[in-house]
Amino acid sequence: MEPESEADEGPVLFSFESNQNNGFLSPAFLGSFQYGDIGFNCNEQFFLAEKALWFGNNNELFRAIMSTTDPQEQKALGKQIKANDTSRSHSWATTVAYQVIMVTTRVKFTVSEHAPMLLQKLMATGHRELVMTDPDDAFLGIGGRVNGFEVEIEGGGKFEGREEGVFDGEVQSDLSYGVFFSGRYRSGGGVVQGSEGPRKRHLGKWNEET
Numbered sequence: 001m002e003p004e005s006e007a008d009e010g011p012v013l014f015s016f017e018s019n020q021n022n023g024f025l026s027p028a029f030l031g032s033f034q035y036g037d038i039g040f041n042c043n044e045q046f047f048l049a050e051k052a053l054w055f056g057n058n059n060e061l062f063r064a065i066m067s068t069t070d071p072q073e074q075k076a077l078g079k080q081i082k083a084n085d086t087s088r089s090h091s092w093a094t095t096v097a098y099q100v101i102m103v104t105t106r107v108k109f110t111v112s113e114h115a116p117m118l119l120q121k122l123m124a125t126g127h128r129e130l131v132m133t134d135p136d137d138a139f140l141g142i143g144g145r146v147n148g149f150e151v152e153i154e155g156g157g158k159f160e161g162r163e164e165g166v167f168d169g170e171v172q173s174d175l176s177y178g179v180f181f182s183g184r185y186r187s188g189g190g191v192v193q194g195s196e197g198p199r200k201r202h203l204g205k206w207n208e209e210t
């Protein structure tokens, strides 16, 4: 799908389904890339593989996630990841998950299989807000669905936030700071927000400090 023009007003809405409007922004958009010595077929696979490794008792799920190329299957497997460690669960939710998102987003738009095309489409969105509307995901998205030009939040919450990708002017020469990705949203009364520049990490090894 072609992105809406930069002249359009309002947020750029997308969902988990990569065949919908602005599907190139979806974590399920297929485009292979290499991170370290491991190859991935989409952002969803990278994110969930990292999540399985972070909670170290999920080796079988890690292998299953890496063995399927279907983002829907990857997502279903990701829901089975057991987070039994309270401290690591907190770190994942408040810091680590955002670091993983930033790294995989940077890779997607700079060195992945379709990076030149994806970067062109992303830049065409200008300064508009990029909003993931997925009723099943109130963590990476806003936990709502699109209804006409409105976004309905599950449970009656009010959307007051955004997910955005902003490219550094030196994106081609400094990949370590190519994409600055932040997730900020409000669902009901609780606020979750995270923001940090991407840094190279080994798989499963992330900084727990904010």
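Residue 1 is where the sequence shown starts when you use the UniProt record's numbering, and the numbers rise one by one after that. Quick reminder that beta carbons are idealized off the backbone N, C-alpha and C, glycines included.
Span of the alpha helix (DSSP H) around residue i
| i | result |
| --- | --- |
| Trp-118 | Inspection of the sequence shows that residue 118 is occupied by Leu rather than by Trp. Leu-118 -> alpha helix (DSSP H) spans 115 to 123. |
| Gln-45 | 43 to 54 |
| Phe-109 | 97 to 110 |
| Phe-62 | 59 to 67 |
| His-90 | 86 to 91 |
Option in the options with minimal Cα separation from residue i
| i | options | result |
| --- | --- | --- |
| Asn-41 | Ile-65, Asn-84, Asn-58 | Ile-65 |
| Tyr-35 | Ala-28, Phe-29, Asn-43 | Asn-43 |
| Ile-81 | Asp-134, Phe-62, Thr-68, Lys-108 | Phe-62 |
| Asn-57 | Ile-101, Gly-39, Asn-84, Met-132 | Asn-84 |
| Thr-104 | Asp-134, Ile-38, Thr-86 | Ile-38 |
CB of residue i within 9 Å of CB of residue j, strictly
| i | j | result |
| --- | --- | --- |
| Pro-71 | Gln-45 | yes |
| Arg-106 | Phe-55 | no |
| Ala-124 | Lys-75 | no |
| Asn-59 | Ala-52 | yes |
| Ser-18 | Glu-113 | no |
| Ala-97 | Phe-47 | yes |
| Phe-16 | Met-132 | yes |
| Thr-69 | Leu-77 | no |
Extent of the continuous beta strand (DSSP E) run through residue i
| i | result |
| --- | --- |
| Ile-38 | 38 to 40 |
| Val-131 | 130 to 132 |
| residue 223 | Missing from the structure shown is residue 223; the chain here goes from 1 to 210 and no further. |
| Phe-14 | 12 to 14 |
| Gln-34 | 33 to 35 |
Distance between beta carbons of residue j and residue i, contact taken as under 8 Å
| i | j | result |
| --- | --- | --- |
| Leu-13 | Asn-22 | 7 Å |
| Leu-130 | Phe-109 | With a Cβ gap of about 12 Å, Leu-130 and Phe-109 do not count as contacting. |
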